[in-house]
Every structure is written in C-alpha cells, then in structure tokens.
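Below is one structure, written out as structure tokens; comments come after it.
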Amino acid sequence: MRQFKGSSVNIAESVIGLITHNPILFSRKNYILVCEKTRFFTNGYEGVVTARNNDIYNMFTPTLTVDVNSIKMLVDGDIIQINSDGLLKVLWDKKSKSNAILMTESCNCNCRMCPQPPNKHNPDLIRICKNIINLIAPNPDESLIITGGEPTLLKDDFIEVISLIKEKHPNLNCLLLTNGKSYADFDFTKRFSGSRPQYFTTCVSLHSDVDEIHDDIVGSKGSFYKTLMGLYNLARFSEKIELRVVVSKLNASHLESIAEFIFRNLPFVYHCTFMGLEMTGYASDNRDDIWADPFDYRDELSKAVSVLRRANINVSIYNTPLCLIDKSMWPFAKQSISSWKNNYQSICDSCSVRPDCCGFFTTSGTNYSKYIAPQ
Amino acid sequence: MHTLPFQFSRFDDDHLLLVNESGEHIFLDERSFEKLIQNNLNHNDEGYHSLKSRHFIYSDNLEETIELISAKYRSRKRFLSDFTTLHMMVLTLRCCNDCVYCQVSAENEEASEFDMSIETVEQVIDIIFCSPSQVVKIEFQGGEPTLNWNTLRHAVIYAKAVNKRYQKVLDFVVCTNLVTVTEEQLYFFKDHKVNISTSLDGPKHLHDKNRVLKNGKGTYDAFIKNLCLARNILGADQVNALMTTTSDSVCKLEEVIDEYIKLGFNGVFIRPLNPYGLAVKNEENIGYSIEEFVDNYEKALNLIININLKGRRFVEFYARLLLTRILTPFSTGFVDLQSPSGAGISGAIYDHNGDVYPADEGRMLARMGDKRFYMGNVAKDSYEKIFAGTVIRDMAEHSCLEIMPYCEECVYRTYCGSDPIRNYAESRDVMGKRPESRFCLRNKLIFDMLFRKIKRNNTDEMDVFWSWISGQDLKAIRTAREDA
Amino acid sequence: MINFKDVIVVTDEVTANIKICTSIYSMDAIRAATYAFTDRYNIFITKGSPDEVVIVFESKGLNSHILNDLKDFSGVLIERQLRCQLEARNGKIRDIIVGHAFSQVDLHNAVKAIGEND
Numbered sequence: 587m588r589q590f591k592g593s594s595v596n597i598a599e600s601v602i603g604l605i606t607h608n609p610i611l612f613s614r615k616n617y618i619l620v621c622e623k624t625r626f627f628t629n630g631y632e633g634v635v636t637a638r639n640n641d642i643y644n645m646f647t648p649t650l651t652v653d654v655n656s657i658k659m660l661v662d663g664d665i666i667q668i669n670s671d672g673l674l675k676v677l678w679d680k681k682s683k684s685n686a687i688l689m690t691e692s693c694n695c696n697c698r699m700c701p702q703p704p705n706k707h708n709p710d711l712i713r714i715c716k717n718i719i720n721l722i723a724p725n726p727d728e729s730l731i732i733t734g735g736e737p738t739l740l741k742d743d744f745i746e747v748i749s750l751i752k753e754k755h756p757n758l759n760c761l762l763l764t765n766g767k768s769y770a771d772f773d774f775t776k777r778f779s780g781s782r783p784q785y786f787t788t789c790v791s792l793h794s795d796v797d798e799i800h801d802d803i804v805g806s807k808g809s810f811y812k813t814l815m816g817l818y819n820l821a822r823f824s825e826k827i828e829l830r831v832v833v834s835k836l837n838a839s840h841l842e843s844i845a846e847f848i849f850r851n852l853p854f855v856y857h858c859t860f861m862g863l864e865m866t867g868y869a870s871d872n873r874d875d876i877w878a879d880p881f882d883y884r885d886e887l888s889k890a891v892s893v894l895r896r897a898n899i900n901v902s903i904y905n906t907p908l909c910l911i912d913k914s915m916w917p918f919a920k921q922s923i924s925s926w927k928n929n930y931q932s933i934c935d936s937c938s939v940r941p942d943c944c945g946f947f948t949t950s951g952t953n954y955s956k957y958i959a960p961q
Numbered sequence: 071m072h073t074l075p076f077q078f079s080r081f082d083d084d085h086l087l088l089v090n091e092s093g094e095h096i097f098l099d100e101r102s103f104e105k106l107i108q109n110n111l112n113h114n115d116e117g118y119h120s121l122k123s124r125h126f127i128y129s130d131n132l133e134e135t136i137e138l139i140s141a142k143y144r145s146r147k148r149f150l151s152d153f154t155t156l157h158m159m160v161l162t163l164r165c166c167n168d169c170v171y172c173q174v175s176a177e178n179e180e181a182s183e184f185d186m187s188i189e190t191v192e193q194v195i196d197i198i199f200c201s202p203s204q205v206v207k208i209e210f211q212g213g214e215p216t217l218n219w220n221t222l223r224h225a226v227i228y229a230k231a232v233n234k235r236y237q238k239v240l241d242f243v244v245c246t247n248l249v250t251v252t253e254e255q256l257y258f259f260k261d262h263k264v265n266i267s268t269s270l271d272g273p274k275h276l277h278d279k280n281r282v283l284k285n286g287k288g289t290y291d292a293f294i295k296n297l298c299l300a301r302n303i304l305g306a307d308q309v310n311a312l313m314t315t316t317s318d319s320v321c322k323l324e325e326v327i328d329e330y331i332k333l334g335f336n337g338v339f340i341r342p343l344n345p346y347g348l349a350v351k352n353e354e355n356i357g358y359s360i361e362e363f364v365d366n367y368e369k370a371l372n373l374i375i376n377i378n379l380k381g382r383r384f385v386e387f388y389a390r391l392l393l394t395r396i397l398t399p400f401s402t403g404f405v406d407l408q409s410p411s412g413a414g415i416s417g418a419i420y421d422h423n424g425d426v427y428p429a430d431e432g433r434m435l436a437r438m439g440d441k442r443f444y445m446g447n448v449a450k451d452s453y454e455k456i457f458a459g460t461v462i463r464d465m466a467e468h469s470c471l472e473i474m475p476y477c478e479e480c481v482y483r484t485y486c487g488s489d490p491i492r493n494y495a496e497s498r499d500v501m502g503k504r505p506e507s508r509f510c511l512r513n514k515l516i517f518d519m520l521f522r523k524i525k526r527n528n529t530d531e532m533d534v535f536w537s538w539i540s541g542q543d544l545k546a547i548r549t550a551r552e553d554a
Numbered sequence: 055m056i057n058f059k060d061v062i063v064v065t066d067e068v069t070a071n072i073k074i075c076t077s078i079y080s081m082d083a084i085r086a087a088t089y090a091f092t093d094r095y096n097i098f099i100t101k102g103s104p105d106e107v108v109i110v111f112e113s114k115g116l117n118s119h120i121l122n123d124l125k126d127f128s129g130v131l132i133e134r135q136l137r138c139q140l141e142a143r144n145g146k147i148r149d150i151i152v153g154h155a156f157s158q159v160d161l162h163n164a165v166k167a168i169g170e171n172d
C-alpha cells in the first residue's frame, strides 16, 4: 500500500480513520482531518494530518505532519493509518477501483517468487481489517481483495472477517487470494461457503500440472495435491473459482500443458490468469532461478491461452507489458497492477498502446525485460 | 514411477497411441513406451511430464490421483444418472413413402389399425414422466407421424399438461419426411416449439433414388416446397436434416454437402446404412463396404473443414460427437454409441400399440417374430416392470465394453459404445462377435481417421473442430491468432 | 537355431497349427489372441506336451495367406501378453476408480488394501 513519512505528535497507539477535508464536521468519530494548516479546533477527530500544525487549535488530537504534496494526494473516502513512527499508510484508496486488506503475513507455503515473504502472524492485522470493513462505503463498481500471507490459516478469525463483510456490505464484490490448501478440509469449505458474501471469487494459485514442479515452486511438498483437493471441495459448493498461474523460469516451458490440465481436470473454473513476476522479496532473492523474460516465452503463452480459449474458459494475462506478448494476445492482457505501485519506463512515452498496457511494478526496480519497445 | 490403467495400440510407424480410464490420450514413441512398461521412466525422460499430467503414471499420492481420475470417469458416465431422456413414439406405421432402406417396413397410408390411439399415447406419456431424468425429449416417429395428426396433437398438449406438475425440461421433435405436411401442422409445431427432424439424402437425383413414394415417384420437389414453408414458419434453427448414405451417394458426398449448404442448413449428420429392414433386403443394390464409407467420409469431412475455414459455419454432427468425447472430459448423450448400451437406459421406443422396446431395432425384431427385447406394455405393466425388468438388466450387463471380449483391451474403448441389439440380430448373441463386426470396424476406422488428424495437430483443422465442440464462432476462436 | 518354421506347422494352404509354451504365455493372452482371428479362421485349442498348447487354424477361405497370418498371430500374442501383465498390475486400481466414480469409496483403505502405497 501507499505510504508517507512525516513526524508525529500525540500518537500513542496507531490511529485508523476515514479521511475528511471538512474542519467543522459535526459527527467526527472515526474521521481523520486532512488540512494544509490547522485553523479550527480539532477535538473529536480520531486524528489530524496536516502540513502546518498550529497547536493552538490542535493540542491533544493525534497528529501527523507531512509535506504539502503528500497532503494533496489524500482524498475523502480514503482510509489511513497513522502511527507514532510518523508513518502514514493508505489502507483504502478511494480513487482505486479495487483495494486489498491484509489479514496476515503468515503462510503455509514458501513460494520462490513471493513478493511479500511470510512473517509471524500479527493479530492486530485482524483488528485493522475489521476496522476498515466498518468504515468503508464502497460503490457498486469497487471490489475488495482479501490477501496475506495465507488468509485461510486464520480459520475462525478468517470466517469472522468474511462474515463481517457479508453483514456490512452484502453486495460488495470480493476476491480472496489463497493457495487453496485449507479447502482440502471439507468442513472448513462448508463453513466458508455459508459465511461469505454473495459476490465472492476465490483466487487459487496453481503453478504446474505435475506435483514435483508445483511443490518446488511453492516450497512445500504435498501442496499440489492439497490444492487440487481444495479446488474440488470448492467446486462441490459451486464456488466461483479463479486460477492464478505465476509464470517463471520453472514453468514457462510447459504453460500449454498446464492449460490442458486445467481444462481436463478443473473445467468448472470461472477464470484463469497467467501472471508476470513482481521482482521483489523472495523473487528478487531468487532471481537467477526464477526470472524468465516474457518475450522468450511468448509462444508458449499464446498456446496456453489458445487451449483455454478454445474450451471457452475465460483467460487473462496479467502483469505483462504488451510489447512482450504476441499482438494476437493483446485482447487478453489486462490492467492488473495496483495504481500505487504502477509505473512505465521512459521509453514507453512514445508507445501508441501505452494507455492499454499494464506497465511495470515499481517494486520490481530494474528487473525487467530487455525487449521493452514502443509499439 | 508406477503406471495407471490404460489401453494401447500401435498407431503408425513411429508411435503408439495410449488412452486411459479418464479419457485422455497420448502418442508415445517406442523407446518411451518400453521404458514406461518397465516402470523405468524418470522425470528427466521425454514424455514423463505429459504422462504424469494426463494420468498415465504416478509417483506418490495415489489416493488424490484416483480422486482426480474418478471425477473424470464420473463426468464421462453422467448420462447414466439421467437415465432415460429420449422417448420415441411410433405414432403410426402408415407412410406415403417407400424408401429403399426403410427400417420400419411401413404400411400403406390407409392402414389405420397401425395408429397409436389417444388412450395409448396418454398411457405412454404417463410412463415417460416416471423417468427420473430432469430432461425429457419426446420424439415422434413412424411411418410418417403427421399422418396420425389427432394423436400427435393430443400428445403434445397432454404432455405439456402433465409436465406442469413435474416441471421438467420438455422438448419435442417430429421425425417427418415433410412430403405431406400441411401449413396448419407447421403452425402447430411453431406454437408448441416442436423441432423438425427430416431426411435429405442430397440433390434431387440422389434424394429421389432412395426416398420415393409408394408409386415410385421422387419426393424431392414436394420436400423442398415444404422445407421452405417449414423454415419460414418455424425458423431455420428449428429444422434439421440428416442423410442416409447409400452406394449412390457414398462417393458423391460432396454433392450432398453442397445441397445442404445451398438450402441453408447449419450442419449434417452423415449416417451410414444400418443393416435392418429394407436395407438388408436391398443391400446388394444400395450397400457398400465399410472401408469405402470411411474413406469417403474422411474426404467429406475435409471438404466441410474447408467450408468452415472459408467462413461458413457447417458442422458434421457425428465427428463433433466423437471429438467431444476425445478432446473434452464431458459426457455426451448419443444413444447409439454408449457403454453400457444407450438403448433402454438413455432412450426407449414405444410402439403404436404401447409395447416398449429399448430401440427401434428391437421393435423390428419383434415384428419379425422375435420378442427378445420386449420390455413390457404401457397399458398393463408398471414403470418398474418395464424399465427395471430383465430385458434392460440383461442388456446393461452384456453391453459394458469394459468387460466385453476384444473391446476391453481396445485402445478406443473409452470413447466407443455397444449395440447389443445389432449384435443379436447379426449373430444371435447379445455380446456379439467382434472380429467380424462391421459396427466395430466402422468405429475403429473412424477413430483411426480422427486420431490421425489429432496427431497432425494442424491449427486450422483443430480450430474448426473446437468451434464445433465449444459452440463458438470460428472467428472468435481465431482472433486469438490473427492480428487483432 | 529355431525359426518360425519350427513353431508353425503348415499342413496345406488352409490348415496350420502353432505350438505355444504356456509357461511363457498365459492362457488369457492365448485366448485373447486367437479370438482376434476368429473372423478369418476356424480355431481349435488343444493340449500338446506338458507346458504346451497346440492351436489349430483352418482358413475360412477368405483370401488369407496362412503362414503370414500366423506370423501376425505371434505379434498379436505378444501384445496380448503385455496387456495381461499390465492388467494384473493396473486392474485393481481401475476397479477402485470405477467404484469411486459411482459411490464414494474410502480411498485410503482401498489403496492400502491393494498394497500400492510405497
């Protein structure tokens, strides 16, 4: 998520609130006031974010002072967290059509290309998630992504969070990013299916059609079959399933075979995506083992997309610039990178299809294809 | 590594073809095959990956692997859980035609003692709705069913009334030669969404050789006139045609296809002759060898593929059925090629007097004096007695390819089916004698031909096949390959 | 040095017989192989010396070259023998697959019972 650094005052515990620019709001609970300078009394707001703090008006309220350019980036409807280290995190970006909530950093896999390596679970994250869910007022075209680590590891807490979403925002479009292994437990799947809101897509990662390779990629033996059994249970409850195949050196040579496997064994999936790498975290640590230039595997990718296209399964390509895939594949490439970490290279300025291209991860740094070329 | 159950056969000079229980196939070179049967493939060997992915071998996790294979097996046999979906009614044996290959051996137009009565048709429909299937397809046959108009009309209305209670998906088809059909009848079909299935054997000179009136005159002109009328009233989607190949047309399938295209049909079912009724009697004149049929069938299929590539969607329905079985994990309901036999389980036929048979061929045998396949009668027998009786059980037991000699080891077994009544008609044995079976030979040769195409994996051909299988427009599939 | 002539005895244009060692080929394979030829030949299987069966072929007269056909037969026999071996190995797994397809079988116990879990 987007972050800013400033200096804090009066902040004991971290504060979460909805942004407002209105300094004379009547009902102030849960709101954080954003203003270039404080000119009115701020009592009652959860917090204040300002460029010039005048403490005559603002003596006790938790406050973060940042530069005026950062102030300009915050809009009403954003949800932010400010803490005593002076860090401002944007937990919900109102300008973005889809936002992610992080449930945990713990995970039962160790994917070689993981851009967000696992950490011990911090229970505070659950509190923050619930907070966000209580504060948001999403429009019908917005969606919520539940991510981690592996959210389903939290079992009861996980069920509680999705039940809360169902209660507060029954029509919100939700996606869950998961490795699917928890669903190998039939009873858990049953509980999940009964608790979740109506419009819910479960996005399950699957990186190969044979266990040796998938288990090697996710760094955990037995994962392949657990994920498949999980997928079968989800299908038994008619869950809407999306499969996510992250393409790396370890599986780029057999994408067509993966596509065929998906069609023969998992024909019930709603959507399948082939995803380019985000070269940060473990992915950059393991660069030599996992980096594959999409330009080099573009033929195999085209074949894989064809297989699913012929079988009438929805298919997309994520995180891969248009110049690196066959022109005939362009209709399948989607704008898939969160705006806060999305950029383009300077060479892209002269590209005629730049508006349609997903561009790059800022987090990938200089790790990108040598074949980038304007079209 | 260990092997999972599969069938195999030498396919050509370089490769063997393997097919497994879940219906997936693979072409293997000899060396890899030898390693496979000696359990000696390791994960660096060519073929290991595909063999594992398609469930020909496993290393650990046998339980989960079986779970996956079973799911595919279950999908493939889904037609069983629906039980009897297709119900054919012989409304009358009267017909104005005297087609050279007629299976029905029709009576003349006045012989109304061979009509199904209103009382009987109601009893038939009552029995039909006892079937557990959520989809019921009622097919009116004959002779020429429209000649018994009162009963046909009543059947549609009565069935719809009964269905108010059951809320099943109810479809109607009338198998008519269209020669004597009236406008009033066509409007009735339109109002009640009755689909028309008719016969067109080709352009006039071919059609009129086979499909003649009792006085010997051709039926093409009358047929065309009524076909256009039917199309205008019901719309092209509700009117389909099939053809029967005879020795006159077997090397002229190109002309037949041209005729179908000219008349605006969306596809054709190229049917070979079946050895029943008049077809047997006239075999010398109208018969042809199996090899000749398959050879010409392949040429016709190639022609049809090119027509599709030029932009006109035109499906060959039999190829589509077999390709769906080979290339997808899904169940296909085609009564004439199932294991266990579709006759009785998936489809049944009700004679004009209410006698029930698993298939038309069973009814024909009874007419000739052999009631081996008589299941019961709607007037005096319960649904259970008819559909769970000894005839159908006996057929099911003896028509599972998985246990029939020759079939059990055949590489195409997963995709094929049995025809126990035909076996009985030819050899007096419901299991039949495979090495002499023309039914077997025909299926084998057609599978050989289709698998040659699959092995060649020509993009154009496969795109056309997939446009048929998935029901998508060829263009929509191929824009994934042409410049956007 | 043994060759085909020692194993296949051709009596005349339409009759021949072949001796098969039953310690090498199973009776199932032998029966399956002979079945494939029953459209062109009348066939009779009888016992020869211990460990041996003799198969008598009589052409039905449909344009067959008996020596070539019996050479084909030996190829078919090897294939059938291989199939029998595969069936012995895989048949039990196949039974579990079919059983599980139609009624949920306890896969863990079923697999254990056939002793395949390495």
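Residue numbers (this note's numbering), protein chains in the order written: chain G, 587 to 961; chain D, 71 to 554; chain F, 55 to 172.
Glycine is no exception: its CB is placed at the ideal position from the N, C-alpha and C atoms.
Member of L121(D), E254(D), L74(D), N114(D) whose CA lies at the smallest distance from the CA of F97(D): Residue numbering aside, residue 97(D) sits at position 27 when the second sequence is read from its first letter. Considering only alpha carbons, the answer is L121(D).
What do you reckon, are the CB atoms on C715(G) and I687(G) nearer than 8 Å? For the purposes of this step, residue 715(G) is taken as the residue at position 129 of the first sequence. For the purposes of this step, residue 687(G) is taken as the residue at position 101 of the first sequence. Contact: yes.
Would you kindly work out how many angstroms separate the C-alpha atoms of S317(D) and L283(D), rounded to a whole number? Here residue 317(D) refers to the residue found at position 247 of the second sequence. Here residue 283(D) refers to the residue found at position 213 of the second sequence. About 20 Å.
According to DSSP, residues forming a beta bridge with Q589(G): By 1-based counting over the first sequence, the position of residue 589(G) is 3. Beta-bridge pairing links Q589(G) to K675(G).
M159(D): which of S145(D), M186(D), L392(D) sits nearest, CA to CA? As a first step, residue 159(D) must be located in the second sequence, where it is residue number 89. Among S145(D), M186(D), L392(D), the Cα nearest to that of M159(D) is on M186(D).
Please classify M81(F): is it buried, with 16 or more other beta-carbons within 10 angstroms of its beta-carbon, or exposed? Locating residue 81(F) in the third sequence gives position 27, counting from the first residue. So M81(F) counts as exposed.
Proximal residues to T69(F) (C-beta, below 6 Å), its chain only, five neighbours per side dropped: Within the third sequence, the letter at position 15 stands for residue 69(F). Hits under 6 Å: E112.
Run through the region 772-856 of chain G for me and flag every whole alpha helix (DSSP H) of 4 or more residues, listed as ranges in chain order. 772-781, 797-804, 809-822, 841-851
Going by the beta-carbon positions, is the gap between V338(D) and Y330(D) smaller than 8 Å? Numbered from its first residue, the second sequence carries residue 338(D) at position 268. Numbered from its first residue, the second sequence carries residue 330(D) at position 260. Contact: yes.
Range covered by the alpha helix (DSSP H) that runs through M434(D): Position 364 of the second sequence, counting from 1, holds the residue named residue 434(D). Where M434(D) is concerned, the enclosing alpha helix (DSSP H) stretches over 430-437.
Got a sec: which bits of the region 465-489 of chain D sit with their beta carbon under 7 Å from any beta carbon on chain F, in order along the chain? P475, Y476, E479
Evaluate contact between the region 419-430 of chain D and the region 478-486 of chain D, counting only Cβ atoms and requiring at least three cross-stretch pairs below 8 Å. no
Can you tell me whether Q255(D) is buried or exposed? The criterion is at least 16 other CB atoms within 10 Å of its CB, across all chains shown. The sequence position of residue 255(D) within the second sequence is 185, counting from 1. It is buried - the Cβ of Q255(D) has at least 16 other Cβ atoms within 10 Å.
D771(G) versus L393(D): straight-line alpha-carbon distance, rounded: As a working note, residue 771(G) is residue 185 in the first sequence. As a working note, residue 393(D) is residue 323 in the second sequence. Rounded to whole angstroms, D771(G) to L393(D) spans 36 Å at the Cα level.
Which bits of chain G does H113(D) rub up against, with CB to CB less than 8 Å? Locating residue 113(D) in the second sequence gives position 43, counting from the first residue. Within 8 Å Cβ-Cβ: E798.
Three-state secondary structure (DSSP) of R80(D): As a position in the second sequence, residue 80(D) is number 10, starting the count at 1. Strand.
Chain-order list of residues whose beta-carbon lies under 7 Å from that of N717(G) (same chain, five-residue window excluded): Numbered from 1 along the first sequence, position 131 holds the residue referred to as residue 717(G). These residues qualify, in order along the chain: I602.
Residue environment, D553(D), which counts as buried when at least 16 other CB atoms sit within 10 Å: To locate residue 553(D), count along the second sequence from 1; it is residue 483. Its pLDDT being 41, under 50, D553(D) is placed unreliably by the model, and nothing is read from it.
For L761(G) and S781(G), what's the separation of their Cα atoms in angstroms? Stepping through the first sequence from its first residue, residue 761(G) is reached at position 175. Stepping through the first sequence from its first residue, residue 781(G) is reached at position 195. The straight-line gap from Cα to Cα measures roughly 14 Å.
Using a Cβ-Cβ distance cut-off of 8 Å, determine whether I120(F) contacts chain D. Within the third sequence, numbered from 1, the residue matching residue 120(F) stands at position 66. Chain D, which has no Cβ nearer than 8 Å to the Cβ of I120(F), makes this no.
Starting from the C-beta of S791(G), find all residues in its chain whose C-beta is less than 6 Å away, skip the five residues before and the five after it, and write them out in chain order. Your numbering for residue 791(G) matches position 205 in the first sequence. Around S791(G): N765, R830.
In the DSSP assignment, what residue or residues form a beta bridge with E472(D)? Against the second sequence, residue 472(D) aligns to sequence position 402. Answer is none; E472(D) lacks a bridge partner.
Kindly give me the distance between the Cβ atoms of S201(D) and F153(D), rounded to whole angstroms, as I take these residues to be in contact under 8 Å. Here residue 201(D) is taken as the residue at index 131 of the second sequence, counted from 1. Here residue 153(D) is taken as the residue at index 83 of the second sequence, counted from 1. The Cβ separation is near 6 Å, so the contact holds.
Starting from the beta carbon of W536(D), find every residue of chain G whose beta carbon is closer than 8 Å, and list them in chain order. Against the second sequence, residue 536(D) aligns to sequence position 466. The contacting residues are R896, A897.
By Cβ distance below 7 Å, which residues in the same chain neighbour E846(G) in space, the five residues on each side in sequence not counted? Reading the first sequence from its first residue, position 260 is the one you call residue 846(G). The answer, listed in chain order, is V893.
Within chain G, the residues that E94(D) reaches when beta carbons sit closer than 7 Å: Residue mapping note: residue 94(D) aligns to position 24 of the second sequence, counting from 1. Correct list: R850.
Under the three-state DSSP convention, the category M861(G) falls into: The residue given as residue 861(G) occupies position 275 in the first sequence. Strand, per DSSP.
In chain D, what lies closer than 7 Å to D795(G) by C-beta? One-based indexing of the first sequence puts residue 795(G) at position 209. Under the 7 Å cutoff, chain D gives S123.
What is the DSSP secondary structure of H224(D), counted as helix, strand or coil? As a position in the second sequence, residue 224(D) is number 154, starting the count at 1. Helix, per DSSP.
Cutoff 8 Å: T100(F) Cβ touching any chain A Cβ: Within the model displayed, chain A is absent; protein chains G, D and F are what it includes.
Pick out the complete alpha helix (DSSP H) segments inside the region 610-649 of chain G, 4 residues or longer, and give them in chain order. none
In whole angstroms, what is the alpha-carbon distance linking Y546(D) and S888(G)? As a first step, residue 546(D) must be located in the second sequence, where it is residue number 476. As a first step, residue 888(G) must be located in the first sequence, where it is residue number 302. Residue identity check: residue 546(D) is Ala in the sequence provided, not Tyr. The alpha-carbon atoms of A546(D) and S888(G) are separated by roughly 15 Å.
Does DSSP put N555(D) in a helix, a strand or coil? Because chain D is modelled from 71 through 554, residue 555(D) falls outside the range shown and cannot be assessed.
Closer than 7 Å: P609(G) CB and nearest the ligand COA heavy atom: Judged by which ligands are present, the structure shown has none, so any question about the ligand COA falls away.
In chain D, what lies closer than 7 Å to D93(F) by C-beta? Translated into positions along the third sequence, residue 93(F) becomes position 39. What D93(F) touches in chain D: P505, E506.
Could you work out which residues of chain D lie near H840(G), taking near to mean beta carbons separated by less than 7 Å? As a position in the first sequence, residue 840(G) is number 254, starting the count at 1. Ordered by position in chain D, the residues that pass the 7 Å Cβ test against H840(G) are H119.
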